[in-house]
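Heads up, the thing below is written out as structure tokens.
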Amino acid sequence: MKGRGASWNPQNRFEKLAYVRDDEAELDENAPRTLYLRDPIRTVIAHNDSPDVGFGSSVNPYRGCEHGCIYCFARPTHEYLGFSAGLDFETKIIVKEDAPELLREELMSPKWTPEV
7 MKGRGASWNP
17 QNRFEKLAYV
27 RDDEAELDEN
37 APRTLYLRDP
47 IRTVIAHNDS
57 PDVGFGSSVN
67 PYRGCEHGCI
77 YCFARPTHEY
87 LGFSAGLDFE
97 TKIIVKEDAP
107 ELLREELMSP
117 KWTPEV
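Residue numbers (the working numbering): 7 to 122.
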């Protein structure tokens with residue numbers, strides 16, 4: 007459902023019967039399609055020194071998100087890539103295809119210092 011945080015309404019867990027939604031039968035033909043774009047990254051670990059965030063490093067294999075949470079803190083980052091923080095954030099997903107290999111390399115590097 008566009009504009010909602012939950013995309014489906016599950017049955018009550020005590021119900022014996024369950025409705026199984028057929029996504030193909032319910033596709034909205036006018037809805038924008040999601041486009042996946044490759045991100046040629048050199049590092050996958052992002053460092054953060056903000057006092058508002060409780061961690062110093064993070065890993066995210068993509069930029070953008072189809073969930074559509076309007077309050078998402080990551081939305082404005084799409085504007086740095088030349089896209090909008092609105093529908094572009096939800097329909098143009100930037101994929102870091104090399105993320106697993108890069109993460110392995112960075113964690114195996116002698117320069118890597120683990121933080122606790």
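The beta-carbon is built from N, C-alpha and C at its ideal position, and this holds for glycine as well.
Check, Outcome
"Nearest neighbour of Leu108, chosen from Leu93, Asp55, Gly62 and Asn66 [CA to CA]", "Asn66"
"Best match in Glu85, Val50 and Pro120 for proximity to Gly70 [C-alpha to C-alpha]", "Glu85"
"Glu112 and Ile51 closer than 8 Å at C-beta", "yes"
"Straight-line Cα distance separating Gly62 from Pro116", "19 Å"
"Beta strand (DSSP E) segment containing Leu125, residue limits", "Given that the chain is displayed from residue 7 to residue 122, the structure contains no residue 125 and the question cannot be resolved."
"Pro46 versus Asp34: straight-line alpha-carbon distance, rounded", "32 Å"
"Leu109 beta carbon near the ligand COA (any heavy atom closer than 7 Å)", "This structure does not include the ligand COA; it has no bound ligands of any sort."
"Proximity of Glu103 and Arg44 at Cβ, strictly below 8 Å", "yes"
"Bridge-paired residues (DSSP) for Lys98", "Leu41"
"Euclidean distance between Cα positions of Phe79 and Phe20", "36 Å"
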